[in-house]
Structures are given as structure tokens and as C-alpha cells.
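Chains as they are written, first to last, in full-length UniProt numbering: chain A, 1 to 213; chain B, 1 to 213.
Number of protein chains: 2
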Amino acid sequence: MGNMTTESKAARPTLPASPPLTERQEARRRRILHTSAKLASRGGFDAVQMREVAESSGVALGTLYRYFPSKVHLLVATMQDQLQHMHETLRKRPPSEQDPGARVAQTLMRAFRALQREPHLADAMVRALTFADRSVSPEVDTVSRLTTAIILDAMGLDGPATPEQLSAVRVIEHTWHSALITWLSGRASIAQVKIDIETVCRLIEVTSGERES
Amino acid sequence: MGNMTTESKAARPTLPASPPLTERQEARRRRILHTSAKLASRGGFDAVQMREVAESSGVALGTLYRYFPSKVHLLVATMQDQLQHMHETLRKRPPSEQDPGARVAQTLMRAFRALQREPHLADAMVRALTFADRSVSPEVDTVSRLTTAIILDAMGLDGPATPEQLSAVRVIEHTWHSALITWLSGRASIAQVKIDIETVCRLIEVTSGERES
DNA sequence: CGGTAATCTAGAACAAGTTTCAGAACTGAT
DNA sequence: ATCAGTTCTGAAACTTGTTCTAGATTACCG
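And the structure:
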């Protein structure tokens with residue numbers, strides 16, 4: 001157990017800082033992430049088995065663990081990767097709605113439909129994200145920042161967001177993650193997720209158009 | 001893997017239906033849940049090791065698995081147990097605020113302070129809850145209903161809740177779980193959780209006092 | 001080119017969740 | 001009290017995430 005508090009020797013290729021990766025290393029990393037997403041698409045969290053990821057990526061198990069210190073790290077990095085794609089895709093087709101709240105709801109529903117096309121992959125990524133403990137905080141934080149960026153983009157604000165709006169965005173993120181989980185575990189329908197998202201997105205209107213206090 | 005779709009032979013003591021448990025069986029179940037909570041209080045999710053739970057509860061490993069088909073089932077059942085206590089405790093001291101939203105926020109913050117006293121236990125339960133897959137859906141659903149009941153109780157409504165209010169309650173639950181996770185994994189402060197809860201609780205005021213549309 | 005340190009490989013080994021099985025203990029009905 | 005069926009025990013086996021080690025490869029520096 002206590003093994004994540006005293007690490008400072010190994011290079012951490014997941015952090016794009018530190019030593020800049022070689023070309024071959026970058027290629028390895030890509031291959032691993034690709035394999036991870038492929039296996040996850042097949043059977044979700046359980047289908048991503050470290051031995052298989054390593055073998056299918058053409059690296060040794062030890063190397064896989066050098067790049068991603070745990071299965072959760074790997075899947076969160078995979079999510080980071082996918083989210084980046086998603087962000088670009090969404091950026092190209094900005095929402096058509098007028099109100100910021102409606103724009104966010106529309107954007108999130110678009111993202112949700114994309115996830116529906118790969119429910120197993122979504123399962124693996126979201127489960128990893130919420131199961132992550134403190135040792136994965138930096139990576140999870142990056143994912144969180146990406147999500148925030150997507151939402152703020154969708155709002156299409158002129159100036160910077162107000163503190164109230166930022167709070168609303170945080171709550172929207174909470175709802176988004178948790179609603180995804182209930183959907184993935186079969187306890188909520190797609191329609192229910194839609195309602196939840198639309199409900200929480202009202203917070204934006206409220207915090208924007210508030211009169212006083 | 002695929003082992004939860006075709007089960008109809010074994011009794012499932014976690015479901016209070018089926019064959020009504022013997023006294024000794026009920027006692028075993030209690031001992032197991034107690035051990036689970038004790039170990040979880042010590043070191044969180046990882047500290048609850050099935051072999052140790054079995055040994056410390058004075059049952060064989062196979063028996064433990066007959067009562068709770070997986071570690072996640074065990075911890076979700078533990079959460080069920082704890083939530084029931086919490087519900088009774090909260091019921092005794094109803095919130096002092098006037099507005100339904102403020103009452104809910106106050107109640108949730110009370111619950112949150114209770115969880116802060118046993119952060120490891122909270123960690124184990126919440127992680128299990130969000131990591132649970134479809135095979136645990138019924139149990140997770142029970143936990144969800146308990147949480148909903150707590151929130152509705154806190155609102156102190158006269159009549160039945162409106163559909164809008166029920167939606168708001170769902171979103172509050174989402175936020176509650178997700179905010180807990182970010183706090184447990186050290187990515188959000190206690191103050192931040194408080195803000196998030198207060199923010200989402202505005203939805204109740206909004207959905208109650210809404211003028212039209 | 002030669003040397004040195006870091007990285008990668010292959011494979012064993014370990015840890016904890018889960019399954020399995022033979023036999024002992026218990027339960028309920030006759 | 002006895003028999004049949006279920007439940008419980010004890011222990012081994014299996015699975016998959018994670019760690020460790022010795023040797024091969026590679027990258028970098030003079």
C-alpha cells in the first residue's frame with residue numbers, strides 16, 4: 001500500500017514536463033494509449049488488462065508501468081487524450097442556442113451522444129476517473145480543467161466568468177460525471193441524463209441574470 | 001467476469017427478501033458489516049481486505065462471499081447501514097433554516113461534518129459506490145433512495161414534491177457524491193465543497209419560486 | 001569509436017479479490 | 001432421533017494488478 005508518497009527517482013513520462021521524450025518514446029506512449037482505448041472500447045474497465053495492453057502495444061510490462069504507474073493512471077491519461085479530441089471537435093461546431101445555459105446543455109448532450117457510441121470506453125474512463133485516489137490527483141485535475149474549458153467555451157461569454165458562474169460550472173461538472181455514472185451502471189436512462197443536465201444548466205441562467213444578493 | 005447474469009440458485013442475504021435469515025445468520029451479517037466499517041475507518045478502501053474481514057468476523061472466506069458477493073457489494077451494504085443511522089440522527093434534529101434550499105444545504109453540511117470525522121470510512125464507501133458496476137445496481141439504488149429520502153425530509157415540504165423539485169434533488173445528489181469524491185481525493189477543500197452544495201441548493205429555490213415556463 | 005548511464009525486455013514473484021471443493025455442522029421435517 | 005438438504009469451514013487454486021531482477025539495448029558524451 002503506501003507506495004506513492006516517496007517517489008522522486010523515476011521519470012514520469014505522463015507529465016509533459018521533465019525530460020522531453022524521444023521520438024521512439026513518444027511513439028510508444030501513443031501506441032499504449034491507442035491500445036488502451038481499443039481494449040476499453042471492447043469491454044470497458046475490466047477488459048483493459050495491463051499484460052494485454054503491454055503485449056498488444058509491443059512493450060514490456062515493466063515499461064508500461066514506467067509510462068503509466070497504474071491502470072488508473074493509464075485510463076485517466078486515455079481520457080485526457082479523448083477529451084482533447086472532443087474539445088477540438090466541439091470547438092468546430094459551436095452550439096446554436098442563445099442562452100449560455102442552453103448552449104452548455106446542448107454541448108454536453110453532444111458530448112454525451114459521442115460517448116454513447118462507445119459506452120464501454122466511456123465506462124472505463126469514467127470509472128477510472130472516479131476511482132482515482134490521491135496519487136492520480138494531478139492527472140485527474142488536468143481532466144477536470146479540460147472539462148471546465150469545454151463548458152466555458154460552450155457558454156460563449158464575452159468577458160471573464162463571474163465567481164457565481166464558475167461555481168455553477170463546478171456543479172455542472174459534478175452533475176455531468178455523476179449522471180454519466182448512473183447511466184453507465186444502468187440506473188438512469190438517457191432521457192433522465194438529459195433532464196439532469198438541463199436542470200443543472202439552469203444554474204447558469206440564474207447566476208447570470210440574478211438581480212441582487 | 002460474466003457471472004452476475006445467471007444466478008438464481010444461491011440465496012442472497014443482502015436482499016432482505018428471499019429466505020428470512022436465521023438469528024445466527026443475522027448476527028453473522030452484523031458482525032461482518034461491523035468489521036467492514038472498522039477496517040474501513042482505519043485505512044479506507046484498501047484496508048478492507050476480504051480475508052481479514054472474514055477472519056476478524058469469525059466466518060470463512062466462502063461464507064463472507066455468500067453474504068456479500070464482492071468487496072463492492074460489502075462496502076455498499078456498509079454504506080446502506082451507515083446511511084440508515086445518519087438518517088435517524090438527522091431526523092432527530094431537523095434543520096433550523098426556513099427556505100427548503102437552505103434546509104437541504106444545512107442538512108448536507110451536517111452529514112458532511114459527520115463524514116469528516118471518519119474520512120477513511122467515507123472514502124471506502126463513496127469509492128465503492130461510484131465504482132460499482134451493474135451487478136450492484138439494486139444495492140446502489142437503495143443507497144440512492146435513502147439519500148433522496150434524507151434530502152426530501154430536509155426540505156420539509158407540506159405536500160408532495162413537484163417534478164421540478166425532484167429533478168433538483170437528483171442534481172443535488174449528483175453534486176453531493178461528486179463533491180465528496182473531489183474532497184476525498186484531495187482536489188477540493190472543505191470550503192469548496194460547502195460552496196458547491198450551497199450553489200446547487202439554489203436550484204430548489206429556483207424550481208419552487210419559479211414564475212412561469 | 002568506447003564507455004557509461006538510463007531505458008527496455010523477459011520473466012518470475014508477490015498481493016489481494018474471487019472461485020472452488022471436500023467434508024463438517026446445522027436446519028427442518030418426519 | 002434420523003434423514004436430506006442446506007450452510008459453513010478450511011484450504012487450495014486461479015486471476016489480474018503490481019513489483020522486482022538480471023541482462024540486452026539504446027542514448028548520449030567525449
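Positions of the beta carbon are idealized from the N, C-alpha and C atoms, including for glycine.
request  = Within 10 angstroms of the Cβ of residue 190(A), are there 16 or more other Cβ atoms? Answer buried if so, exposed if not.
outcome  = exposed
inquiry  = Please return the same chain residues whose Cβ sits closer than 7 Å to the Cβ of residue 103(B), not counting the five positions on each side in sequence.
reply    = 95, 97, 154, 155, 156
query = Would residue 71(B) be called buried (16 or more neighbouring beta carbons within 10 Å of its own) or exposed?
reply = buried
task = Kindly indicate the opening and closing residues of the alpha helix (DSSP H) around residue 100(A).
result = 100-117
ask   = Who are the Cβ neighbours of residue 148(A) in its own chain at under 7 Å, not counting the five residues just before and after it?
value = 169, 173
ask   = Do we get a CB-CB distance below 8 Å when we pair residue 140(A) with the residues of chain B?
value = yes
message = Pairs of beta-carbons, one from the segment 46-59 of chain A and one from the segment 135-144 of chain A, closer than 8 Å: are there three or more?
response = no
message = Tell me which residues of the segment 170-197 of chain B have at least one Cβ-Cβ distance to chain A shorter than 7 Å, keeping chain order.
response = 170, 171, 174, 175, 177, 178, 179, 181, 185, 186, 187, 195, 196
query = Under the three-state reduction of DSSP, which class applies to residue 59(A): helix, strand or coil?
reply = coil
request  = Determine the direct distance from the alpha carbon of residue 74(B) to that of residue 21(B), and round the result to whole angstroms.
outcome  = 17 Å
message = Would you say residue 1(A) lies against chain B (beta-carbon separation less than 8 Å)?
response = Note that residue 1(A) has pLDDT 35, beneath the 50 cutoff, so the model's placement of it is unreliable and no number is given.
Counted within 10 angstroms of its Cβ, other Cβ atoms place residue 60(B) as buried (16 or more) or exposed = exposed
request  = Output the boundary residues of the alpha helix (DSSP H) element that contains residue 152(B).
outcome  = 137-155
query = Can you list, in chain order, the residues of the segment 118-135 of chain B whose Cβ is nearer than 7 Å to any Cβ on chain A?
reply = 127, 130, 131, 132, 133, 134
query = Counting only beta-carbon atoms, is residue 206(B) nearer than 8 Å to chain A?
reply = yes
task = Measuring alpha carbon to alpha carbon, tell me which of 193(B), 185(B), 136(B) ends up nearest residue 132(A).
result = 185(B)
message = Our contact map puts residue 175(B) next to residue 171(A) with C-beta atoms below 8 Å; I'd like the distance itself, whole angstroms only.
response = 5 Å
Same chain, Cβ closer than 8 Å to residue 10(B), neighbours up to 5 away in sequence not counted = Caution applies to residue 10(B), whose pLDDT of 38 falls short of 50 and renders its modelled position unreliable; the model cannot decide the point.
key: For residue 186(A), three-class secondary structure by DSSP   = coil
request  = Write down every uninterrupted run of the alpha helix (DSSP H) in the UniProt domain "HTH tetR-type" (26-86) of chain A whose length is 4 residues or greater and which is fully enclosed by it, in chain order.
outcome  = 50-57, 61-67
inquiry  = Considering only the alpha carbon of each residue, which of 129(A), 116(A), 120(A), 117(A) lies closest to residue 80(A)?
reply    = 129(A)
key: Alpha carbon of residue 180(A) to alpha carbon of residue 123(A), nearest angstrom   = 9 Å
request  = Report the three-state DSSP secondary structure of residue 162(B) (helix, strand or coil).
outcome  = coil
inquiry  = Taking the straight line between their C-alpha atoms, what separation do you get for residue 119(A) and residue 42(A)?
reply    = 9 Å
inquiry  = Do residue 196(A) and residue 36(B) count as a contact pair if the criterion is CB distance below 8 Å?
reply    = no
inquiry  = Strictly under 8 Å for the Cβ-Cβ distance: is residue 167(B) near chain A by that measure?
reply    = yes
request  = List the residues of chain A that residue 29(B) touches, going by C-beta distances under 8 Å, in chain order.
outcome  = Those do not exist, as residue 29(B) stays about 24 Å from chain A at its closest Cβ, beyond 8 Å.
request  = Keeping to the same chain, check which residues put their C-beta closer than 8 Å to that of residue 109(B); ignore five residues upstream and five downstream.
outcome  = 194, 197
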